[in-house]
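2 protein chains.
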Amino acid sequence: MNTQNLRKDVHTDGTPVVCVSCEARHRGVCGALTPEQLTTLSKTSYKHKLGEGHELVGEAEKVESYSNILSGVVKLTKTLADGRQQIVGLQFAPDFLGRPFKADSEITAQAATNVSLCSFPKSVIDRMIRESPGLEHKLLEQTLKELDEARDWMVTLGRKTAAEKVASYILMIARHIDPEAGPEGASATFDLPMTRADIADFLGLTIETVSRQITKLRTDGVIVLENNRHVFVPNVERLELRAGS
Amino acid sequence: MNTQNLRKDVHTDGTPVVCVSCEARHRGVCGALTPEQLTTLSKTSYKHKLGEGHELVGEAEKVESYSNILSGVVKLTKTLADGRQQIVGLQFAPDFLGRPFKADSEITAQAATNVSLCSFPKSVIDRMIRESPGLEHKLLEQTLKELDEARDWMVTLGRKTAAEKVASYILMIARHIDPEAGPEGASATFDLPMTRADIADFLGLTIETVSRQITKLRTDGVIVLENNRHVFVPNVERLELRAGS
DNA sequence: ACCCGACGTTGACGTGGATCAAGCAACGTG
DNA sequence: CACGTTGCTTGATCCACGTCAACGTCGGGT
Chain A
0 MNTQNLRKDV
10 HTDGTPVVCV
20 SCEARHRGVC
30 GALTPEQLTT
40 LSKTSYKHKL
50 GEGHELVGEA
60 EKVESYSNIL
70 SGVVKLTKTL
80 ADGRQQIVGL
90 QFAPDFLGRP
100 FKADSEITAQ
110 AATNVSLCSF
120 PKSVIDRMIR
130 ESPGLEHKLL
140 EQTLKELDEA
150 RDWMVTLGRK
160 TAAEKVASYI
170 LMIARHIDPE
180 AGPEGASATF
190 DLPMTRADIA
200 DFLGLTIETV
210 SRQITKLRTD
220 GVIVLENNRH
230 VFVPNVERLE
240 LRAGS
Chain B
0 MNTQNLRKDV
10 HTDGTPVVCV
20 SCEARHRGVC
30 GALTPEQLTT
40 LSKTSYKHKL
50 GEGHELVGEA
60 EKVESYSNIL
70 SGVVKLTKTL
80 ADGRQQIVGL
90 QFAPDFLGRP
100 FKADSEITAQ
110 AATNVSLCSF
120 PKSVIDRMIR
130 ESPGLEHKLL
140 EQTLKELDEA
150 RDWMVTLGRK
160 TAAEKVASYI
170 LMIARHIDPE
180 AGPEGASATF
190 DLPMTRADIA
200 DFLGLTIETV
210 SRQITKLRTD
220 GVIVLENNRH
230 VFVPNVERLE
240 LRAGS
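Protein chains in written order, with numbering that gives the first Met the number 0: chain A, 0 to 244; chain B, 0 to 244.
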């Protein structure tokens with residue numbers, strides 16, 4: 000492990016901090032740590048990959064550790080007693096994963112795609128939180144962002160039609176994965192990171208309805224599909240219109 | 000203003016801290032402040048009341064100030080361009096109101112009932128946050144709680160039937176307003192703090208559907224209504240069954 | 001007392017999306 | 001190659017909920 004390089008990355012300009020074990024910037028974590036803390040963290044963190052569908056919680060994986068998502072998409076789901084399921088959140092590439100100050104979240108985290116993570120023990124981070132207030136500030140910011148996203152989605156779940164829901168979903172994915180697609184009449188290309196079943200669970204619909212609405216968007220020329228996963232949006236503004244603002 | 004009393008409240012056992020201007024405990028704020036900060040805050044905070052339906056945001060009220068809710072219920076709503084509305088959160092008596100680090104929340108806060116608040120300027124609190132890390136910790140805890148509630152409600156919005164939604168709503172209100180109603184077969188009595196229109200906006204339904212489902216709960220003996228607002232739940236467990244877990 | 005408006009209930013009817021069911025394409029496996 | 005499996009689409013039917021409309025009830029103002 001090259002501590003020299005680590006130190007240099009921290010000291011030269013302060014901002015771009017890299018975790019030595021996974022060689023990635025940790026949004027919300029490393030950026031708020033002192034060089035000493037970062038070194039400590041690096042000694043206990045480890046990089047690993049998960050296949051699609053792999054569960055991250057309930058098997059003592061998340062409960063005892065926090066993770067940064069290096070690539071892929073993680074879905075947070077809640078399930079009713081009779082099996083009805085709802086996805087309550089999606090975490091993308093640089094997000095932080097893990098619930099501070101609470102072991103039981105009643106939420107299941109599952110890999111929606113292949114995922115690679117950089118994990119470290121809960122105890123180490125919890126101690127660092129107590130030591131450096133900047134870290135807590137980062138956590139608060141991410142939590143506020145998640146709260147905003149959750150509330151945005153509540154409007155979609157409660158008040159939009161199936162057609163608007165599906166358009167909103169595609170638009171959200173486009174903005175996350177292909178953020179270069181500017182707001183002004185630009186086009187976008189990306190892969191849907193989830194199955195139709197996942198999309199349905201996210202939108203509070205059935206797979207049949209999702210399929211029909213996607214077909215409609217396709218026949219109307221709003222999107223172009225390839226292999227059921229690869230999406231091309233020739234005109235993002237047209238998609239925005241379908242999403243019901 | 001009696002600073003002697005204030006100091007005494009802070010010093011004797013540490014925990015029960017009282018704001019001198021509104022004479023109430025402020026969950027999430029005063030409890031994390033030093034005596035000096037509390038004194039400073041008291042000089043700028045002011046207590047006031049708002050009638051039902053009064054807006055707290057968009058008119059420079061919330062943007063430039065934070066508030067503690069002393070009594071009443073505040074609803075947070077989002078509105079689509081065509082007027083469809085969704086309530087994305089409810090804040091009850093000891094909650095903190097106001098979004099740190101962001102002036103534009105795209106959310107409207109309205110008094111759902113008569114509300115009394117204790118407000119103070121954004122700038123004062125923002126400075127105190129920088130000074131005392133305990134305050135930020137409190138904010139993080141409240142934000143996490145709100146996130147949990149939002150995600151619980153997403154399941155209700157996306158996957159529950161109208162009957163289950165209404166039962167879940169009544170149950171949630173019961174637990175907030177009459178928390179003495181123990182989980183084991185106990186009864187509960189309380190007033191619904193919102194109109195049928197608000198309930199509909201909260202549940203993603205129409206007022207007619209809400210009315211029909213309430214009527215059904217009444218004719219089935221799960222609840223007893225009086226004046227359309229006062230509710231008696233003879234057996235909370237029966238209501239829980241209707242809420243679909 | 002009267003009216004009025006806000007709020008709530010109830011009924012009749014239409015429809016969006018769920019449900020049930022069939023079929024298709026891509027894939028890996030014996 | 002036939003075979004099953006998984007993911008997706010499409011069609012036919014049904015029903016939960018929205019929509020439209022009428023009516024009841026309460027409280028406040030003149």
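Beta carbons: idealized from backbone N, C-alpha and C, even for Gly.
From a predicted model like this one, the values you see are computed outputs, not experimental measurements.
Since residue i and residue j should fall inside the 8 Å C-beta cutoff, what is the C-beta to C-beta distance between them, to a whole number of angstroms?
| i | j | result |
| --- | --- | --- |
| GLU145 (chain A) | LEU146 (chain B) | 6 Å |
| VAL73 (chain A) | VAL154 (chain B) | At roughly 18 Å, the Cβ-Cβ gap does not stay under 8 Å, so VAL73 (chain A) and VAL154 (chain B) are not in contact. |
| SER115 (chain B) | TYR45 (chain B) | Incorrect: roughly 11 Å between the Cβ atoms, too far for contact. |
| TYR65 (chain B) | LEU96 (chain B) | 7 Å |
| LEU79 (chain A) | ARG158 (chain B) | 6 Å |
| GLU135 (chain A) | GLU135 (chain B) | 5 Å |
Looking only at its chain, what residues have a beta carbon closer than 6 Å to the beta carbon of residue i, apart from the 5 residues adjacent to it on each side?
| i | result |
| --- | --- |
| LEU204 (chain B) | ALA161 |
| LEU75 (chain A) | VAL87, GLY88, ILE106, ALA108 |
| SER70 (chain B) | ALA92, SER115 |
| ASN4 (chain A) | With a pLDDT of 33 at ASN4 (chain A), under the threshold of 50, the predicted position of this residue should be treated as unreliable, and no value is reported. |
| ILE222 (chain B) | LEU216, VAL230, VAL232 |
| GLU54 (chain B) | GLN109 |
| LEU224 (chain B) | ARG217 |
| ARG228 (chain A) | ASP190, LEU191 |
What does residue i touch in chain A if you count any residue whose Cβ is under 8 Å from its own?
| i | result |
| --- | --- |
| LEU138 (chain B) | LEU139 |
| THR142 (chain B) | LEU139, THR142, LEU143, LEU146 |
Using beta-carbon positions only, say whether residue i and residue j come within less than 9 Å of one another.
| i | j | result |
| --- | --- | --- |
| ALA108 (chain B) | GLU51 (chain B) | no |
| SER131 (chain B) | LEU40 (chain B) | no |
| PRO192 (chain B) | ILE213 (chain B) | no |
| ILE176 (chain A) | LEU216 (chain A) | no |
| LYS77 (chain A) | GLN85 (chain A) | yes |
| ASP200 (chain A) | VAL230 (chain A) | no |
| LEU202 (chain B) | LEU156 (chain B) | yes |
| SER244 (chain B) | ASP81 (chain A) | yes |
Mind listing the chain A neighbours of residue i? Cutoff is C-beta to C-beta under 7 Å, in chain order.
| i | result |
| --- | --- |
| LYS77 (chain B) | ARG150, VAL154 |
| GLY243 (chain B) | LEU79 |
| GLY82 (chain B) | Within 7 Å Cβ-Cβ: nothing; GLY82 (chain B) doesn't reach chain A, min ~10 Å. |
Residue i versus chain A: which residues are under 9 Å apart at the beta carbon?
| i | result |
| --- | --- |
| ARG174 (chain B) | Those do not exist, as ARG174 (chain B) stays about 16 Å from chain A at its closest Cβ, beyond 9 Å. |
Closer than 8 Å by beta-carbon distance: list the chain B residues that pair up with residue i, in chain order.
| i | result |
| --- | --- |
| ILE106 (chain A) | ARG150 |
| GLY88 (chain A) | ARG150 |
| GLU135 (chain A) | PRO132, GLU135, HIS136, LEU139 |
Considering only residues of the same chain and omitting the five flanking positions on each side of residue i, which have a CB-CB separation below 8 Å?
| i | result |
| --- | --- |
| ALA149 (chain B) | VAL87, GLY88 |
| LYS48 (chain A) | ASN113, VAL114, SER115, LEU116 |
| ALA59 (chain B) | Low local confidence applies: a pLDDT of 47 at ALA59 (chain B) is under 50, so the model's placement there is unreliable, with the coordinate-based value given in what follows. Excluding residues within five positions, none has a Cβ falling inside 8 Å. |
Enumerate in chain order the residues of its own chain whose CB-to-CB distance from residue i is below 7 Å, with the five nearest sequence positions on each side excluded.
| i | result |
| --- | --- |
| ALA187 (chain A) | ALA173, ASP177, ALA180, VAL232, VAL235 |
| THR43 (chain A) | PHE119, PRO120, VAL123 |
| ARG195 (chain A) | ILE206, VAL209, SER210 |
| ILE198 (chain A) | TYR168, VAL209 |
| LEU143 (chain B) | none |
| ALA242 (chain A) | GLU163, ALA166, SER167, LEU170 |
| THR112 (chain A) | GLU51, GLY71, VAL72, PRO192 |
| ASN226 (chain A) | none |
| TRP152 (chain B) | none |
Taking C-beta pairs closer than 9 Å, name the residues in chain B that residue i reaches, listed in chain order.
| i | result |
| --- | --- |
| PRO178 (chain A) | Residues of chain B passing the Cβ test: none, with the nearest at roughly 20 Å. |
Residues of chain B with a CB under 7 Å from the CB of residue i: which are they?
| i | result |
| --- | --- |
| GLY157 (chain A) | GLN85, LEU156, GLY203 |
| GLY50 (chain A) | Within 7 Å Cβ-Cβ: nothing; GLY50 (chain A) doesn't reach chain B, min ~25 Å. |
With three or more C-beta pairs closer than 8 Å as the rule, is the stretch 194-212 of chain B touching the stretch 161-181 of chain B?
yes
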